[in-house]
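A short worksheet on the structure shown next.
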């Protein structure tokens, strides 16, 4: 039996977590790890206790903010970090696996929290039609290792 690499396990979990998202535009999942252990998980969506966008606004999604983004959504990375901190789990020195490379706002939070490495599956810039991944550029500039996932996803469950 061949043992899967931790990168593959964590990215597969992030992909499967993304399926929990209620966003009608994009499903994103995140896994925060430290010393080969999962310390938190997250996916994008509105704050707990509000409403689910796919239920409240099934045709168009939640209202847009002044920059055209979702007015209610918390990004997957933010949810994973917030849940860890809420539960008094230190994230400094952690690695973040995420299905979409961090936006600039998330990159600032990732850096500020002392997360040392980000492994992402897909490019935020490609998703948004931008020329470069601003979040990845920011993180690299300030010493956070960022890499595009290059493993093989073999144990991802598919939506029915």
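In my numbering, the protein residues as written are 2 to 161. Heads up, the beta-carbon is just placed ideally off N, CA and C, and yes, glycines get one too. As the structure is a computational prediction, the values presented were derived from the model and not from experiment.
Determine the contact status of residue i and residue j, defining contact as a CB-CB distance below 9 Å.
{"i": "residue 114", "j": "residue 93", "result": "yes"}
{"i": "residue 136", "j": "residue 108", "result": "yes"}
{"i": "residue 48", "j": "residue 23", "result": "no"}
{"i": "residue 44", "j": "residue 77", "result": "yes"}
{"i": "residue 140", "j": "residue 15", "result": "no"}
{"i": "residue 50", "j": "residue 25", "result": "no"}
Buried or exposed, going by whether 16 or more other CB atoms sit within 10 Å of the CB of residue i?
{"i": "residue 134", "result": "buried"}
{"i": "residue 161", "result": "In this prediction, residue 161 scores a pLDDT of 36, lower than 50, which makes its location untrustworthy; no coordinate-derived value is stated."}
{"i": "residue 153", "result": "exposed"}
{"i": "residue 12", "result": "buried"}
{"i": "residue 3", "result": "exposed"}
{"i": "residue 143", "result": "exposed"}
{"i": "residue 34", "result": "buried"}
{"i": "residue 80", "result": "buried"}
{"i": "residue 32", "result": "buried"}
Using CA coordinates, which residue listed in the options is at the minimum distance from residue i?
{"i": "residue 83", "options": "61, 42, 123 and 4", "result": "42"}
{"i": "residue 146", "options": "96, 33, 11 and 61", "result": "96"}
{"i": "residue 29", "options": "56, 89, 55 and 75", "result": "75"}
Could you give the C-beta distance for residue i and residue j, rounded to a whole number, given that I count them as a contact under 8 Å?
{"i": "residue 6", "j": "residue 40", "result": "Their Cβ separation, rounded to whole angstroms, is 19 Å, which puts residue 6 and residue 40 out of contact at 8 Å."}
{"i": "residue 120", "j": "residue 8", "result": "6 Å"}
When you compare the stretch 15–22 with the stretch 94–112, are there three or more beta-carbon pairs, one atom per stretch, that lie closer than 8 Å?
yes
Assess contact between the stretch 110–129 and the stretch 56–70, defined as three or more Cβ pairs (one per stretch) separated by less than 8 Å. Is contact present?
no
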